[in-house]
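J.:
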Amino acid sequence: MAAAAASPFDCVLLDLDDTLYPGSAGIGLATKRNIDEFLMARCGVTAERASALRVELFRSYGSSLAGLIALGYDVHPDEYHSYVHGRLPYDRIAADPNLAGLLRSIPQRKVLFTNSDRAHMRKALQRLGVDEAIFDDVVCFETMNPRLFIGEDEPEPASASGDRPRPAVILKPSVDAIVAALRVAGTNPHRTLFLDDSERNIAAGKALGLRTALVGKKVRSKEADYALESIGSLRRTIPEIWGGVASSNGGGGEQLNNKQGMRSELDSIVLEPTSIHA
Ligand SMILES: [Mg+2]
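In full-length UniProt numbering, the protein residues as written are 1 to 278.
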């Protein structure tokens, strides 16, 4: 799909959870509780230890599932996701009557880029009133990790990453995850806009040259080119998507960088792999 003539973007990558709907829905908290219960029920962890272990796994491996697999636990992703996501209170995700129209109006290629599994993604989108077909493509847990679903008798694909150890599970904010999304997007990273609520993910995207928008925050993180409190203010905060010109009068907390110096320029971005791994 051709981008708007005057837009600096050819593609928009959109996270799902806490980005297309607000964190206040409580899905993130409920997910953490379910992970703790999974660690207790499936891995023999005590209730006192579960939350701390979840945080440790997240910090060290990018996610609890990635950590469990890296540590040798025989956990299948489908089992994990059905336990952790399958019992979420989806009724807390309120229908957003404006979201589908907003997404449809984005003239660029749109790719949903989520660490979540496909079943969760579909339930969340259904609650939001968004047809999956609005997106030109989807990058989710299953598409980033096809080798986790390969039969045991089949040979694993050779690693293309040379001397860098390949993570067992590929998720944002790893370089491999961002590269996977860029391959699907098929665009120059410098002309790709990445929206996510995670500062960690935004930092990883910036390190690979993406233009970045931190969602759910009034103030930009260091690596974010934009900050918007909710997806509903996308048009006001980043009118460049539609070929508009960004406001420079500082008319709101979400406007570009009015108090924090000049917006970072593409030429200053160094395209080097980060040390962040899932
Ligand atoms: Mg998110």
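Think of the CB as a built atom: it goes at the ideal place given N, C-alpha and C, for glycine as much as any other residue.
Taking the straight line between their C-alpha atoms, what separation do you get for P167 and S221?
T.: Annotation note: pLDDT 46 at P167 (below 50); position unreliable, coordinate value reported separately. Answer to the nearest angstrom: the Cα atoms are 27 Å apart.
J.: Report all residues from its chain with a CB closer than 7 Å to the CB of L16; omit the five preceding and five following residues, and keep chain order.
T.: L112, T114, S116, M121 and A124
J.: Please report the distance separating the alpha-carbon of G243 from that of A95.
T.: So the two alpha carbons sit approximately 28 Å from each other.
J.: If you draw a straight line from the alpha carbon of E254 to that of I170, how long is it in whole angstroms?
T.: Note that E254 scores 43 on pLDDT, short of 50, meaning its location in the model is unreliable; the coordinates nonetheless yield the value given after this. Straight-line Cα distance between these residues: approximately 32 Å.
J.: For Y83, report the span of its alpha helix (DSSP H) as first-last.
T.: Segment P77 to V84, the alpha helix (DSSP H) holding Y83.
J.: DSSP three-state call for T237: helix, strand or coil?
T.: helix
J.: Taking any heavy atom of ligand 1 as the mark, which residues have a C-beta closer than 7 Å to it, listed down the chain?
T.: D15, L16, D17, D18, T19, D196, D197 and S198
J.: Smallest Cα separation from D10: which of A185, D225, R235 and G67?
T.: Answer by Cα proximity: A185.
J.: Starting from the Cα of L228, find the closest Cα among A203, D196, A204 and N201 and give me that residue.
T.: D196
J.: With distances taken from CA atoms, which of E48, A180, G26 and I27 is nearest D36?
T.: E48
J.: Can you tell me which residues form a DSSP beta bridge with C11?
T.: In the DSSP output, where bridge partners are listed per residue, C11 has R109 and T192.
J.: Do L57 and G67 count as a contact pair if the criterion is CB distance below 8 Å?
T.: yes
J.: Look at I27 and L65 and say whether their C-beta atoms are less than 8 Å apart.
T.: no
J.: Is the number of C-beta pairs between the segment 171 to 191 and the segment 131 to 150 that are closer than 8 Å three or more?
T.: With the cut-off at 8 Å, the segment 171 to 191 and the segment 131 to 150 touch.
J.: Between which two residues does the alpha helix (DSSP H) holding Y226 run?
T.: Taken as a continuous stretch (DSSP letters only), Y226 belongs to no alpha helix (DSSP H), being part of the beta strand (DSSP E) at Y226 to L228.
J.: Helix, strand or coil, according to DSSP, for T212 in the structure here?
T.: strand
J.: Look at the alpha carbon of D225 and the alpha carbon of M40, and state the distance between them as a whole number of angstroms.
T.: 40 Å
J.: So, for Y80: in the same chain, excluding its five sequence neighbours on each side, which residues have a beta-carbon less than 7 Å away from its beta-carbon?
T.: F38 and L65
J.: Can you have a look at F149 and say buried or exposed, based on whether 16 or more other CB atoms are within 10 angstroms of its CB?
T.: exposed
J.: Quick check on K110: buried or exposed, where buried means 16 or more other Cβ atoms within 10 Å of its Cβ?
T.: buried
J.: How many whole angstroms separate the CB atoms of R42 and V75, which I take to be in contact at a CB cut-off of 8 Å?
T.: 7 Å
J.: Which same chain residues, not among the five before or five after L128, have their C-beta less than 7 Å away from its C-beta?
T.: L20, Y21, I93, A95, D96 and L99
J.: What does DSSP give as the partner residues of D137 in its beta bridges?
T.: Answer is V111.
J.: Below 8 Å between beta carbons: does that hold for I209 and F194?
T.: According to the sequence as given, residue 209 is Gly; it is not Ile. Against a cut-off of 8 Å, the Cβ pair of F194 and G209 comes out as no contact.
J.: Using 8 Å as the threshold, is the C-beta distance between I241 and Q108 below it?
T.: yes
J.: Could you tell me the alpha carbon to alpha carbon distance between K172 and V245, rounded to whole angstroms?
T.: 30 Å
J.: Using only alpha-carbon positions, find the residue among L103, M144, N145 and T143 that is nearest to A133.
T.: L103
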